[in-house]
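All remarks here apply to the structure that follows.
See below:
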């Protein structure tokens, strides 16, 4: 007998598959596919590690933000993996073999939620709170990372939305905890 979340995913998959199919066809254009692949790879970890490590040079309180950003990234990663391995929603290119083009190899079989999008949104919110002048770079990159996940056939749009919601929540949690610890 299937668990309730999987039945919900079956309905969402059916509803979203045509959208995924159309969007992934765009990745057949080499320039767009390369753009999505680069964004996806940057969202793996390099840009976020660079952002964390650069905090001491980006403004007052940067040393404290290194710990804040690093800690919330690890908490978010643990929660993401827990959700992903419990719900086990297969990626669109697996569910619709041949119907949804896969533009890049996946790390694993499951798609819900999008960890790339979760981290992109989480760090965008943190940047908005601490170094808003960086948003001109971070926001377009984060949007492109989120788009790349669907555009490469690795996620459904609902995976990306769930990842964005989780990232937003983790960022707010981090900001709340730090404000509480600092008494303000």
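Numbering (the working numbering), first residue to last: 54 to 237. Note that the Cβ used here is the ideal one computed from N, Cα and C, for glycine as well.
For residue i, the residue or residues it bridges with in DSSP
i: residue 143; result: 163
Per-residue DSSP class, three states only, for residue i
i: residue 97; result: helix
i: residue 82; result: coil
i: residue 174; result: helix
i: residue 205; result: coil
i: residue 73; result: helix
i: residue 157; result: coil
i: residue 133; result: helix
i: residue 103; result: helix
i: residue 111; result: coil
i: residue 122; result: helix
i: residue 54; result: With a pLDDT of 45 at residue 54, under the threshold of 50, the predicted position of this residue should be treated as unreliable, and no value is reported.
Limits of the alpha helix (DSSP H) - the one that residue i falls within
i: residue 221; result: 210–234
i: residue 187; result: Careful: residue 187 lies outside any alpha helix (DSSP H) and carries neither H nor E.
Cutoff 9 Å: residue i Cβ touching any chain C Cβ
i: residue 133; result: In the structure shown, chain C cannot be found, because there is only a single protein chain.
Quiz item: Any chance the segment 117–135 sits against the segment 192–205, with 3 or more Cβ pairs inside 8 Å?
Solution: no
Quiz item: Can you find at least 3 beta carbon pairs, one from the segment 156–168 and one from the segment 196–210, that sit closer than 8 Å?
Solution: yes
Exercise. Taking 8 Å as the threshold, find out whether the segment 93–105 comes into contact with the segment 173–182 through three or more Cβ pairs.
Key: yes
Self-check item: Validate contact between the segment 88–103 and the segment 133–140 using beta carbons, cut 8 Å, 3 pairs
Solution: no
Self-check item: Segment contact flag, the segment 217–224 with the segment 81–91, C-beta cutoff 8 Å, min 3 pairs
Solution: no
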